[in-house]
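Peer 1:
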Amino acid sequence: MATKDLSAYDMNSVPSAADMKFGIVVSEWNNEITFALAKGAVDTLKKHGATDENIHLHHVPGSFELTLGAQFIAEYKDVDAVICLGCVIQGETRHFDFICQGVTQGITQLNMNYNIPFIFGLLTTDNQQQAIDRSGGKLGNKGDEAAVTAIKMVALHNSLEQEEGK
Ligand code: DLZ
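Count along the sequence shown from 1, add 59, and you get the number used in the working numbering.
1. Would the beta-carbon of residue 91 be found less than 7 Å away from any heavy atom of the ligand DLZ?
2. For the region 77-85 and the region 96-103, state whether three or more C-beta atom pairs, one from each stretch, are separated by less than 8 Å.
3. Relative to the C-alpha of residue 210, which residue among 93, 152, 142 and 156 is closest?
4. I'd like to know if the region 136-151 and the region 181-199 are in contact, where contact means that at least 3 CB-CB pairs between them fall below 8 Å.
5. Alpha carbon to alpha carbon, what distance is there between residue 86 and residue 161?
6. Taking DSSP as the reference, what is the three-state secondary structure of residue 121?
7. Would you report the Cα separation of residue 200 and residue 157, rounded to the nearest angstrom?
8. Since residue 92 contacts residue 115 with CB under 8 Å, what's their CB separation in whole angstroms?
9. Which residue from 222, 215, 204 and 218 puts its Cα closest to that of residue 106?
So this is what it looks like as structure tokens:
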């Protein structure tokens with residue numbers, strides 16, 4: 060099955076992000092990829108109305124640190140969602156599996172423990188080319204996809220709070 064274009068989405072399905080506040084945590088490991096993911100995410104948030112003052116971007120050393128970095132942002136910054144961006148590329152050892160498992164479980168736990176969304180923007184690829192293809196290359200940019208997901212999840216949260224008069 061062909062992989063979809065990660066940057067393709069229906070513009071009309073995305074609510075305004077003008078009043079939303081976002082944290083972004085970016086892994087420095089494989090930064091030629093992750094910084095491109097971050098650029099995609101920031102550009103997409105801004106395209107939908109988010110302002111620079113409402114986007115708090117921080118770096119962590121590697122993808123394994125994304126979970127705690129995201130938690131720090133949720134604790135210390137006033138944000139409606141945190142986007143986690145990293146890239147783990149398969150190597151010769153099982154390190155890949157442990158990092159991927161750790162981050163996946165970590166971000167899942169954050170989603171369960173906080174009442175805001177933490178978005179899983181982790182590329183897990185077999186090689187560098189697959190990562191290039193998904194960070195602004197021929198298959199789009201996972202950062203764009205993560206940003207759109209963040210906006211939609213914040214809008215869902217806001218609409219439920221409004222319905223309940225909170
Ligand atoms: C150690 C390591 C390795 C081998 N590979 C990656 C990778 O492909 N992507 C990534 O984001 N981080 C990698 N790391 C670093 C770990 O995520 C972590 O920063 C270190 O194990 C220290 O906790």
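For glycine and all other residues, C-beta sits at the position ideal for the given N, C-alpha and C.
Peer 2: Answer, in terms of the structure:
1. No - the ligand DLZ has no heavy atom lying nearer than 7 Å to the Cβ of residue 91.
2. Output reads yes: the region 96-103 touches the region 77-85.
3. If you compare the alpha carbons of 93, 152, 142 and 156 with that of residue 210, the shortest gap goes to 142.
4. Yes, they touch.
5. Roughly 14 Å between the two C-alpha positions.
6. In the three-state reduction of the DSSP assignment, residue 121 falls in the coil class, being assigned neither a helical nor a strand state.
7. Using only the alpha carbons, I get a separation of about 24 Å.
8. In this structure, residue 92 and residue 115 do not form a Cβ contact; the two beta carbons are roughly 21 Å apart against a cut-off of 8 Å.
9. Per the Cα distances, 204.
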